[in-house]
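Inspection log for the structure reproduced underneath, given as structure tokens.
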């Protein structure tokens, strides 16, 4: 038991000791816990479109603008504030299955890797609008992205982030306006052949909601080989006129179109636009529409099975016979084949009318030419042009002639000697019978033959009248010839020239037809020539006279 005075001393000592300990502890430094900072915020994505009114029954590009105006809920370090307001992996798409109107979406999902606050991005989508009634329609746009919701950080602790995913559906208004709209429908294949013209036929339909008046339809060729109008005045464009065309109404139009001869076969586009006045009196222009023309190769022809008759120098009626074949793919009407000019040779019948030729069909043709005496024998190239009419009745000629190599033969004498007979003997005279055949193609008249001989032959009757002669006819020209007494028994050269009149009245002369006149031994008596006999007679008479005088 401690008495009171001692107890007071004990308590006082403890108190002093405790106080001293507290002072010591207060003097020793202790670690302090750092305070935590957190930044929170979010992106704020809005969608809009700069598109104005669009047309029904058309293809349109829908532009979607994505804008981010992020929000800070609790601020802090600037870089973290930017992070929590940024949309990452942003994806945007048009929800076609939520559109009740005939609108098709031909573009899939667009992705934007990062969209910070205060920035914008654009995505474009291809839409096909069908028969959509005029009005304003809400187009659903799905927007999805990820973002950092919050960032916690401190000087002595690891930075900690929380993320979120967002998926929202926003709407853009699309206005389909009331206006005329147009669609082209081609009538058939619109064929045209190279080197020819044809008709481009098509139908214009107003698929819009307003009437168009004073419509000018502009057609433009996209190839220099294709033109509008005639061959003599080709144009790269043309225009057609429609006074008025109401919604749902159609107009049938056509324009003359042509293709150059060397145009490659295939389909060629024709661009078309319509300038018109709408119901408010405002002049507008349609989108570019496209129709087309099918170009087929130029009509082609060939000459086959060519044969010639009397095709020789100095022949007034040489003939060419052949077949013309349509080797192209199109019908040709009222076909005619014409033999074009050739130097020195005259076509006396240079054109053959054939009529219509279907592809692959052939028909015979024939021509006659006059080959002058001055022509040289040999091979010559003869050009043939083919003319025809197209379905519109326009006359066309192939751009390149058909060339054929034909052989011109040497000149042929219209008469020939087929036989010569005579009994002329040395010192005697006799007839010379020359059998002559006429080889011409038409009858001749006033035919005369003249005999030409040389020493030791002579003639006292060198002419023979044969009169008229038919082709292939043979007549005998008879002459009188004498042989000198010194003539040898052999053949001597001679010739016969014939004068005759042709059907047109022209008188012609042949060159000398060579013949051989045979001198044969005298028949009967002594085989002694007459001069020798004469000399003997003179000698005998002389001897007799001398004997008589001596008596």
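In the UniProt record's numbering, the protein residues as written are 1 to 551. Ideal Cβ positions, reconstructed from N, Cα and C, are used throughout, including at glycine. Given the structure is predicted, the values throughout are model-derived calculations rather than measurements.
Using CA atoms only, rank isn't needed, just tell me which of the options is closest to residue i.
i: residue 184; options: 115, 273, 109; result: 273
i: residue 254; options: 236, 300, 228, 135; result: 228
i: residue 476; options: 487, 494, 458, 449; result: 449
i: residue 290; options: 284, 54, 204; result: 204
i: residue 269; options: 378, 420, 224; result: 224
i: residue 416; options: 105, 471, 425; result: 471
i: residue 198; options: 154, 180, 234; result: 234
i: residue 40; options: 48, 75, 478, 51; result: 75
i: residue 276; options: 257, 256, 245, 292; result: 245
i: residue 352; options: 332, 385, 381; result: 385
i: residue 370; options: 283, 105, 319, 458; result: 319
i: residue 422; options: 132, 520, 36, 240; result: 520
i: residue 195; options: 84, 263, 181; result: 263
i: residue 69; options: 436, 46, 168, 387; result: 46
i: residue 457; options: 432, 159, 447; result: 432
i: residue 380; options: 328, 323, 313; result: 313
i: residue 181; options: 356, 279, 365; result: 279
i: residue 451; options: 424, 67, 481; result: 481
i: residue 230; options: 239, 221, 257; result: 257
Taking the C-alpha atoms as reference points, what is the distance between residue i and residue j?
i: residue 507; j: residue 501; result: 4 Å
i: residue 516; j: residue 406; result: 37 Å
i: residue 72; j: residue 86; result: 11 Å
i: residue 413; j: residue 367; result: 23 Å
i: residue 25; j: residue 157; result: Residue confidence for residue 25 is low, a pLDDT of 38 falling below 50, so the modelled location carries little weight; the figure read from the coordinates is stated next. Distance between the alpha carbons of residue 25 and residue 157 is about 28 Å.
i: residue 243; j: residue 211; result: 11 Å
i: residue 115; j: residue 155; result: 29 Å
i: residue 161; j: residue 100; result: 42 Å
i: residue 122; j: residue 65; result: 5 Å
i: residue 331; j: residue 363; result: 14 Å
i: residue 443; j: residue 504; result: 11 Å
i: residue 445; j: residue 436; result: 14 Å
i: residue 408; j: residue 310; result: 9 Å
i: residue 509; j: residue 499; result: 5 Å
i: residue 474; j: residue 438; result: 6 Å
i: residue 518; j: residue 316; result: 37 Å
i: residue 383; j: residue 187; result: 40 Å
i: residue 79; j: residue 105; result: 39 Å
i: residue 286; j: residue 168; result: 37 Å
Can you tell me whether residue i is helix, strand or coil according to DSSP?
i: residue 220; result: strand
i: residue 398; result: coil
i: residue 300; result: coil
i: residue 338; result: strand
i: residue 251; result: strand
i: residue 97; result: helix
i: residue 243; result: strand
i: residue 130; result: coil
i: residue 414; result: coil
i: residue 207; result: coil
i: residue 288; result: coil
i: residue 74; result: strand
i: residue 519; result: coil
i: residue 364; result: strand
i: residue 331; result: coil
i: residue 432; result: strand
Just reading off the alpha helix (DSSP H) that residue i is part of, what are its end residues?
i: residue 424; result: Per DSSP, residue 424 belongs to no alpha helix (DSSP H) and is neither H nor E.
i: residue 84; result: 78 to 84
Under DSSP, the beta strand (DSSP E) around residue i begins and ends at which residues?
i: residue 383; result: 378 to 389
i: residue 139; result: 135 to 154
i: residue 109; result: Looking at the DSSP string, residue 109 is not in any beta strand (DSSP E), and its letter there is neither H nor E.
i: residue 89; result: 87 to 94
i: residue 324; result: 315 to 326
i: residue 173; result: 157 to 176
i: residue 60; result: 58 to 68
i: residue 182; result: 182 to 186
i: residue 179; result: That residue, residue 179, is in no beta strand (DSSP E); it is neither H nor E in DSSP.
i: residue 346; result: 346 to 349
i: residue 42; result: 37 to 42
i: residue 452; result: 444 to 453
i: residue 310; result: It is not in any beta strand (DSSP E) - residue 310 carries neither H nor E in the DSSP assignment.
i: residue 273; result: 266 to 277
Is residue i near the ligand FMN, going by C-beta to nearest heavy atom under 7 Å?
i: residue 328; result: Looking at this structure, you won't find the ligand FMN or any other ligand, since it has none at all.
Is there a Cβ of chain B sitting closer than 8 Å to that of residue i, yes or no?
i: residue 511; result: Absent here is chain B; the protein component of the structure consists of one chain.
* Asked: Any chance the segment 399 to 407 sits against the segment 294 to 305, with 3 or more Cβ pairs inside 8 Å?
  -> yes
* So does the segment 171 to 188 actually touch the segment 142 to 159, counting three or more Cβ pairs closer than 8 Å? -> no
* Asked: Are the segment 370 to 379 and the segment 334 to 350 touching, with three or more C-beta to C-beta distances below 8 Å?
  -> yes
* To do: Mind the definition here: the segment 408 to 426 touches the segment 389 to 400 only if three or more C-beta pairs lie below 8 Å; say whether that holds.
  => no
* At a cut of 8 Å, does the segment 53 to 63 reach the segment 126 to 136 through at least three beta carbon pairs? -> yes
* How do the segment 83 to 101 and the segment 209 to 224 stand: do at least 3 beta-carbon pairs fall below 8 Å, yes or no? -> no
* To do: Mind the definition here: the segment 462 to 471 touches the segment 486 to 494 only if three or more C-beta pairs lie below 8 Å; say whether that holds.
  => no
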